[in-house]
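Data first, discussion second: the structure below is written as structure tokens.
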Amino acid sequence: MNISDTIRSFNDVSGESFTLSCSIVDDRICLKLAGKVDIQNPDELLLPALLKLDKDFVESKVHEIGFNIKELEFINSSGIKVILQLVMGILNRHGDQQYKIIFYHNPESKYQKKSFNAISFLAPALISFVP
Amino acid sequence: MTSEIIKLSISPEWEYIRSIREFINVFVFIKSGNKEGADDAAFIVNELLENAVKNSDNKKIRVECRIEDDIAEIKVSNRINKENYTTLKNKIQRACTQNAEKLYCEKFSEESFWENEKGAMGLVMINERCEGKIHINYKDLSIIIACTVPLKVLQ
Chain D
742 MNISDTIRSF NDVSGESFTL SCSIVDDRIC LKLAGKVDIQ NPDELLLPAL LKLDKDFVES
802 KVHEIGFNIK ELEFINSSGI KVILQLVMGI LNRHGDQQYK IIFYHNPESK YQKKSFNAIS
862 FLAPALISFV P
Chain Y
100 MTSEIIKLSI SPEWEYIRSI REFINVFVFI KSGNKEGADD AAFIVNELLE NAVKNSDNKK
160 IRVECRIEDD IAEIKVSNRI NKENYTTLKN KIQRACTQNA EKLYCEKFSE ESFWENEKGA
220 MGLVMINERC EGKIHINYKD LSIIIACTVP LKVLQ
């Protein structure tokens, strides 16, 4: 199965008030996390899906993905920790198995960028934020 | 700006957290006109409440939000035994001694952070938002955590 088929077959992850989806936008793979990530154990829902996608990205030699957080209204520290685990996994691999993540945020929301500060501290060479 | 204060006493139910977070966000924003400060206050109350609900031992949690001059003070208290208080106090003191970037790097290199340390990430993120102004006390068998968020008064 090529990466396009993998993404087409990806089932959105829906929590009580948030959704993680994956699609191809302008020829780029784009994850989208929207809503309020404020459940007690977001890792139980989000981490398996993110790690599965991560494995597919590596196998397909993906070099860059987008991550749309423009409609992310709230994320608690447990949710941030899930994203950090994804990024740590990428960081701990050889360079040829790494890929960059571009976070698309809402410039009106300082909250979003502040919440993801930890991630940019962790991997400035792999992570960037653009409005 | 005149002082305003909200006090709540709630059962330790996860379902209350979102409502209180959003209420505090609106309250601080209306009072100060400062969206960033309101978001910071809301994030802090959310994280403190999450910890309190997890550790409250089915006892009431008290939440307080006071706005005065150019600050918002968030205070959350819940029952906790002395041993857990001492552990948490040590964590908070550690979280308050360094800047956010250094703390993040330090935390991420600890194996326990990824395996079993609960609440460490939240503390670091709170510390970043209240610029290290976290105070912790133990009184009447309860832990009281108070965080001060600076507010630039816009109206």
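Going line by line, the protein sequences match chains D and Y.
Heads up: the first sequence begins at 742 in our numbering, then just goes up one per residue.
Heads up: the second sequence begins at 100 in our numbering, then just goes up one per residue.
C-beta atoms are modelled at their ideal positions from N, C-alpha and C, and glycine is treated no differently.
Note that the structure is a prediction, hence the values are computed from the model and not measured.
One or two residues paired with residue i in a DSSP bridge
{"i": "K841 (chain D)", "result": "D:E805"}
{"i": "S762 (chain D)", "result": "D:K773"}
{"i": "A171 (chain Y)", "result": "Y:I166, Y:V248"}
{"i": "V754 (chain D)", "result": "D:L761"}
{"i": "Y237 (chain Y)", "result": "Y:I242"}
{"i": "L813 (chain D)", "result": "D:G776"}
{"i": "I860 (chain D)", "result": "None, per the DSSP bridge assignment."}
{"i": "I868 (chain D)", "result": "D:I842"}
{"i": "R161 (chain Y)", "result": "Y:S108, Y:S176"}
Residue i, buried or exposed, once every other Cβ within 10 Å from all chains shown has been counted against 16
{"i": "A151 (chain Y)", "result": "buried"}
{"i": "T247 (chain Y)", "result": "buried"}
{"i": "E146 (chain Y)", "result": "buried"}
{"i": "Q254 (chain Y)", "result": "For Q254 (chain Y), the predicted structure reports a pLDDT of 46, less than 50, and the residue's modelled location is therefore unreliable. The matter cannot be settled from this model."}
{"i": "I690 (chain D)", "result": "With chain D running from 742 to 872 in the structure shown, residue 690 (chain D) is simply not present."}
{"i": "K796 (chain D)", "result": "exposed"}
{"i": "K106 (chain Y)", "result": "exposed"}
{"i": "I104 (chain Y)", "result": "exposed"}
{"i": "R749 (chain D)", "result": "exposed"}
{"i": "S108 (chain Y)", "result": "exposed"}
{"i": "M220 (chain Y)", "result": "buried"}
{"i": "D837 (chain D)", "result": "exposed"}
{"i": "K822 (chain D)", "result": "buried"}
{"i": "S102 (chain Y)", "result": "exposed"}
Start and end residues, alpha helix (DSSP H) containing residue i
{"i": "S745 (chain D)", "result": "744-749"}
{"i": "L827 (chain D)", "result": "818-832"}
{"i": "K851 (chain D)", "result": "851-856"}
{"i": "L222 (chain Y)", "result": "219-228"}
{"i": "I179 (chain Y)", "result": "Counting along the chain, I179 (chain Y) falls outside any alpha helix (DSSP H), and DSSP gives it neither H nor E."}
{"i": "E121 (chain Y)", "result": "114-131"}
Proximity to residue i [Cα-Cα], best of the options
{"i": "K773 (chain D)", "options": "D:M742, D:I868, D:H846, D:S850", "result": "D:H846"}
{"i": "T747 (chain D)", "options": "D:E757, D:T760, D:V799, D:E785", "result": "D:V799"}
{"i": "K153 (chain Y)", "options": "Y:N226, Y:S110, Y:K106", "result": "Y:S110"}
{"i": "Y184 (chain Y)", "options": "Y:E167, Y:K238, Y:I119", "result": "Y:K238"}
{"i": "Y115 (chain Y)", "options": "Y:A219, Y:L222, Y:I170, Y:R161", "result": "Y:R161"}
{"i": "A866 (chain D)", "options": "D:H804, D:D779, D:D767", "result": "D:H804"}
{"i": "A140 (chain Y)", "options": "Y:S241, Y:D169, Y:S155, Y:E112", "result": "Y:D169"}
{"i": "E182 (chain Y)", "options": "Y:G221, Y:H234, Y:K159, Y:S241", "result": "Y:S241"}
{"i": "V144 (chain Y)", "options": "Y:I129, Y:K188, Y:K158, Y:R228", "result": "Y:R228"}
{"i": "I179 (chain Y)", "options": "Y:K158, Y:R165, Y:L148", "result": "Y:K158"}
{"i": "E230 (chain Y)", "options": "Y:G136, Y:D156, Y:V175", "result": "Y:G136"}
{"i": "A171 (chain Y)", "options": "Y:R117, Y:G132, Y:L222", "result": "Y:G132"}
{"i": "P770 (chain D)", "options": "D:K851, D:F862, D:I860, D:I843", "result": "Looking at the sequence shown, residue 770 (chain D) is not Pro but Ile. The candidate whose alpha carbon is nearest that of I770 (chain D) is D:I843."}
{"i": "K251 (chain Y)", "options": "Y:L148, Y:E167, Y:K188, Y:E149", "result": "Y:E167"}
{"i": "F808 (chain D)", "options": "D:M742, D:I744, D:N743, D:I868", "result": "D:I868"}
{"i": "T760 (chain D)", "options": "D:V778, D:N743, D:S745", "result": "D:V778"}
Beta strand (DSSP E) segment containing residue i, residue limits
{"i": "F142 (chain Y)", "result": "Taken as a continuous stretch (DSSP letters only), F142 (chain Y) belongs to no beta strand (DSSP E), being part of the alpha helix (DSSP H) at 134-154."}
{"i": "K793 (chain D)", "result": "Careful: K793 (chain D) lies outside any beta strand (DSSP E), inside the alpha helix (DSSP H) at 783-800."}
{"i": "E103 (chain Y)", "result": "103-109"}
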